[in-house]
Amino acid sequence: MGFYFLRMSLLQALNHLRNLNKKPSKLAIQMHRAMVFQSLFLLQLLLLFSLTTATATAKRLHTIPRLSPIGPRVWLDHPDQILGESVREDLETFFYNQTLDHFNYRPESYDTFLQRYLINSKYWGGANACAPILVYLGAEAPIDEDLDVIGFLVDTAAEFSSLLVYVEHRYYGKSIPFGSREEALKNASTLGYFNSAQAIADYAAIIIHIKKTLQAKDSPVIVIGGSYGGMLASWFRLKYPHIALGALASSAPVLYFDDITPQYGYYALVSKDFRGASETCYQTIRKSWEEIDEVASKPDGLSILSKKFKTCNPLTDASELKNHLDSMYANAAQYNKPPTYPVNKVCGGIDGGGFGDDLLGRVFGGLVAYKGNRSCYVNEPTNQSETSAGWRWQTCSEMVIPIGYGNDSMFPPDPFDLKAYIEDCKSLYNVTPRFHWVTTYYGGHSIRLILQRFASNIIFSNGLRDPYSSGGVLENISDTVVAVKTVNGSHCLDILFAKETDPEWLVAQRKTEIKIIKEWINKYYADLSRF
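The sequence shown begins at 0 in numbering that gives the first Met the number 0 and counts up one residue at a time.
1) So the candidates are Tyr171, Gly172, Asn194; which of them puts its Cα closest to the Cα of Tyr440?
2) Between the alpha carbons of Ala187 and Lys297, how many angstroms are there, rounded?
3) Could you check how far apart the C-beta atoms of Ser469 and Tyr334 are, in whole angstroms? I think they sit under 8 Å.
4) Please classify Lys286 as buried or exposed, where buried requires at least 16 neighbouring CB atoms within 10 angstroms.
5) Among Gly443, Leu90, Asp147, Ile132, which one has its Cα closest to the Cα of Ile69?
6) Using 8 Å as the threshold, is the stretch 254-263 in touch with the stretch 402-418, meaning 3 or more CB pairs across them?
7) Within its chain, find whatever has a CB closer than 7 Å to the CB of Ser396; leave out the 5 residues flanking it on each side and keep chain order.
8) Taking the alpha-carbon positions, what's the Ala276 to Asp299 distance?
9) Just mark Phe363 as buried or exposed, buried being the case when its beta carbon has 16 or more other beta carbons within 10 Å.
10) With respect to the beta strand (DSSP E) encompassing Leu366, which residues constitute its N-terminal and C-terminal limits?
11) By Cβ distance below 8 Å, which residues in the same chain neighbour Lys210 in space, the five residues on each side in sequence not counted?
12) Could you please give the first and the last residue of the uninterrupted beta strand (DSSP E) stretch that includes Val164?
13) Mind checking whether Leu495 and Gly150 have CB atoms under 8 Å apart?
14) Give me the residue from Asn461, Ile449, Pro401 with the minimum Cα distance to Asp258.
15) Out of Tyr170, Gln508, Ile421, Ser233, state which residue places its alpha-carbon closest to the alpha-carbon of Asn487.
16) Please confirm if the stretch 119-131 is in contact with the stretch 159-172, defined as three or more CB-CB distances below 8 Å between the two stretches.
17) Could you tell me the distance, in whole angstroms, from the CA atom of Phe40 to the CA atom of Asn343?
18) Is it buried or exposed for Ala33, if we count other Cβ within 10 angstroms and need 16 for buried?
19) Runs of 4 residues minimum, wholly inside the stretch 290-328: which ones carry the alpha helix (DSSP H) assignment?
20) Is it the case that the Cβ atoms of Asp325 and Cys280 are separated by a distance below 8 Å?
21) Considering only the beta carbon of each residue, do Tyr428 and Leu190 sit closer than 8 Å?
22) Rounded to whole angstroms, what's the CA-CA distance from Glu379 to Val367? Just pull it up for me.
23) Between the stretch 475-482 and the stretch 86-100, do at least 3 Cβ pairs fall closer than 8 Å?
24) Restricting to runs no shorter than 4 residues, where is the alpha helix (DSSP H) found entirely within the stretch 391-438?
25) Are the beta-carbon atoms of Tyr135 and Asp145 separated by less than 8 Å?
26) Can you tell me which residues form a DSSP beta bridge with Lys510?
27) Taking 8 Å as the cut-off, decide whether the C-beta atoms of Leu254 and Gly442 are in contact.
28) Who pairs with Gly225 in a beta bridge, going by DSSP?
29) Exposed or buried, what is Ile520 when buried is set at 16 or more other beta-carbons lying within 10 Å of its beta-carbon?
30) Using beta-carbon positions only, say whether Leu231 and Gly224 come within less than 8 Å of one another.
31) Can you have a look at Ile457 and say buried or exposed, based on whether 16 or more other CB atoms are within 10 angstroms of its CB?
Given below as structure tokens:
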């Protein structure tokens with residue numbers, strides 16, 4: 000988690016460099032320092048990129064598409080932001096003195112940092128009524144951004160008489176260990192505490208603290224998350240069933256690790272989405288890659304492409320343009336939500352022919368349709384964010400999602416190259432990605448066989464037009480570990496703010512999820528009364 004062009008900015012930055020042969024005053028001081036040092040750190044990061052990749056040959060880079068419940072800023076609906084602003088008025092911000100390392104007893108493990116969480120008590124029935132607590136698990140971005148668009152908690156709060164809690168993920172936003180972001184992201188030694196296991200342990204500590212503070216020992220907790228946060232929600236229920244009664248995991252590709260899901264699943268679905276929108280659009284995109292390479296091979300080819308696509312800076316390599324288009328198509332498909340439907344927008348621009356009937360003119364038409372009229376496109380100046388650095392570390396340590404390009408897509412074939420991926424991560428952090436750790440620690444293989452008797456009270460929700468649904472749980476595992484899916488849905492639609500214009504299938508999906516959660520809570524109340 001701008002934040003939502005992370006995937007594009009990483010591709011651009013790395014590709015370009017490959018071609019170079021309300022808190023205590025102390026906290027206020029810390030956050031000020033973080034702002035001052037952030038730009039210095041990011042500059043160091045860019046220098047590291049250049050030093051370690053200067054002699055590499057240009058090619059498509061295997062970065063992992065962002066796991067965010069929110070799409071690119073270009074497609075954020077303004078009404079959602081207005082809803083978020085009104086919701087913020089009911090929120091109170093707190094900071095918890097969080098343990099740095101939950102899994103070690105070395106002296107430095109007992110260091111602490113301030114972790115941010117927010118509470119909305121407007122609708123809560125109270126501790127005496129054992130009214131439920133809905134907890135949103137923040138993911139790879141400051142929690143502020145999710146507050147603007149994640150509406151499921153607020154939309155259902157009156158119905159559940161629930162307390163609403165939003166917890167920020169460590170190393171993001173204002174929840175920074177080591178006193179400053181610059182220090183926290185300094186090297187692998189300080190980044191070593193930055194992982195999913197520590198994150199869900201943080202959430203456990205904060206939930207226990209809140210229940211104790213509010214004397215709400217018997218209030219059931221439902222954790223909710225989207226995308227990477229959805230993974231965290233499902234893993235939290237598995238690891239901390241004594242704290243969370245259930246979990247809603249929206250668009251959580253928990254099976255996109257190791258070889259559980261075919262590596263080509265993501266881009267096969269991107270291609271399917273575009274082909275479903277328009278066959279001619281699909282074919283134009285499929286043919287465009289070779290055309291770009293052909294033009295680029297000419298003596299003045301890169302100049303021609305730069306003018307054709309109105310790039311903000313002259314292209315240094317054809318892959319710079321191709322990576323940008325790749326990201327645009329992926330984002331359009333992943334966040335292909337009503338009423339804008341970005342895939343249809345892109346294809347409308349490609350098929351419309353408003354910028355010439357030639358192949359590349361039509362592709363540029365799709366780019367303009369997606370981004371709107373601008374002075375320039377492609378390699379536009381972007382501000383590096385804490386999220387870009389944070390997500391890059393997470394994918395280089397444990398969140399290794401092997402996404403490749405197969406033959407049955409509109410993209411040139413290019414399998415996921417684990418060896419090259421490892422070398423990239425070693426050059427950045429001097430660490431080797433733990434490719435199998437997620438499935439070792441949380442599971443994933445033979446998930447139906449394992450979880451049908453072990454797990455309970457998890458909703459895996461997916462929209463089948465979301466490329467990441469290829470790595471999601473799409474069939475019921477048991478009566479209480481269930482899959483709720485929609486044919487026309489995209490990434491995390493069910494947990495966004497409900498709107499009057501929502502299609503019937505989306506309204507029905509949310510109603511199903513609410514019904515299931517009510518059943519969990521009612522059974523809990525029956526057990527509580529009995530015991």
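All C-beta atoms in this analysis are idealised placements derived from N, C-alpha and C, irrespective of residue type, glycine included.
Concretely, from the data shown:
1) Asn194
2) 43 Å
3) Actually they are not in contact, since the Cβ atoms of Ser469 and Tyr334 sit about 16 Å apart, beyond 8 Å.
4) exposed
5) Asp147
6) yes
7) Asn194, Val430, Pro432, Arg433
8) 35 Å
9) buried
10) No beta strand (DSSP E) holds Leu366; the alpha helix (DSSP H) holding it covers 358-370.
11) Ile132, Lys216, Ser218, Val220
12) 162-166
13) yes
14) Pro401
15) Gln508
16) yes
17) Because Phe40 carries a pLDDT of 41, less than 50, the predicted location of this residue cannot be relied on, and no value is offered for it.
18) Because Ala33 sits at a pLDDT of 42, beneath the cut-off of 50, its placement in the model cannot be relied upon, and the following sentence gives the value as read from the coordinates. By the 10 Å Cβ count, Ala33 comes out buried.
19) 300-307
20) no
21) yes
22) 14 Å
23) no
24) 417-428
25) yes
26) According to DSSP, which records beta bridges pairwise, Lys510 is partnered with nothing at all.
27) no
28) Ser249
29) buried
30) yes
31) buried
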